[in-house]
Amino acid sequence: QLSLSGGITFSVDLKNIEETLIAMAEKGNLCDWKEQERKAAISSRINLGIAQAGVTAIDDAIKNKIAAKVIENTNLKNAAFEPNYAQSSVTQIVYSCLFKNEILMNMLEESSSHGLLCLNDLTEYVALQVHNSLFSEDLSSLVETTKNEAHYQS
4 QLSLSGGITF SVDLKNIEET LIAMAEKGNL CDWKEQERKA AISSRINLGI AQAGVTAIDD
64 AIKNKIAAKV IENTNLKNAA FEPNYAQSSV TQIVYSCLFK NEILMNMLEE SSSHGLLCLN
124 DLTEYVALQV HNSLFSEDLS SLVETTKNEA HYQS
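In terms of the numbering used here, the sequence shown opens at residue 4 and continues consecutively.
In structure tokens, the structure reads:
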């Protein structure tokens with residue numbers, strides 16, 4: 004259940020995520036997927052923070068330096084960074100689930116100018132909850148921490 008301002012509450016069907024994870028477990032590659040998913044989740048949020056910082060001319064070497072500092076400062080144990088990752092598979096699956104929610108889509112159509120931003124924010128929120136559940140680590144401050152570090156490095 005998600006609750007929005009104005010007393011709007013709706014359910015998000017995460018069965019798609021569950022089915023994907025079960026299928027991976029049955030194929031025996033769930034551990035590989037979790038390793039890649041964690042890297043993608045961390046990397047995509049670090050890359051988003053760098054982009055939101057608005058600092059120009061950041062090459063992969065500087066991105067790696069920023070990422071190393073952020074990973075150290077946020078106590079993410081054994082975390083890896085990939086400078087080209089933009090989105091995790093959980094985020095993609097959550098987006099698909101939210102996009103299929105009729106109540107949410109009707110609500111977003113009524114305020115179409117902000118609809119996509121709302122959908123992106125909701126997707127990020129739900130994806131973070133799924134990540135926190137899967138990995139027992141909180142990435143909610145990662146984008147903001149990265150923005151601060153990117154400004155410091157520039």
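Each residue gets a CB set at the ideal place from its N, CA and C atoms; glycine is no exception. Bear in mind the structure is a predicted one, so any value in this text is a computation, not a measurement.
query = Does DSSP put residue 140 in a helix, a strand or coil?
reply = coil
task = Leaving aside the five residues before and after residue 140 along the sequence, list all residues of the same chain whose C-beta is less than 6 Å from its C-beta, in chain order.
result = none
inquiry  = Which runs of the beta strand (DSSP E) at least 3 residues long sit entirely within the region 28 to 54? Give them in chain order.
reply    = none
query = Mind checking residue 150: buried by the 16 CB within 10 Å criterion, or exposed?
reply = buried
key: Cβ distance (whole Å) where residue 45 is taken to contact residue 131 below 8 Å   = Not a contact, Cβ separation roughly 12 Å.
task = Would you give the residue range spanned by the alpha helix (DSSP H) that residue 96 belongs to?
result = 92 to 102
query = For residue 75, which of helix, strand or coil comes out of DSSP?
reply = helix
inquiry  = Which same chain residues end up closer than 6 Å to residue 33 when comparing Cβ atoms and leaving out the 5 residues on each side of it in sequence?
reply    = 27
task = If I'm right that residue 101 touches residue 122 with Cβ under 8 Å, what's the distance once you round it to whole angstroms?
result = 6 Å
inquiry  = Contact between the region 61 to 77 and the region 91 to 111 is defined here as three or more beta-carbon pairs at a separation below 8 Å; is this criterion met?
reply    = no
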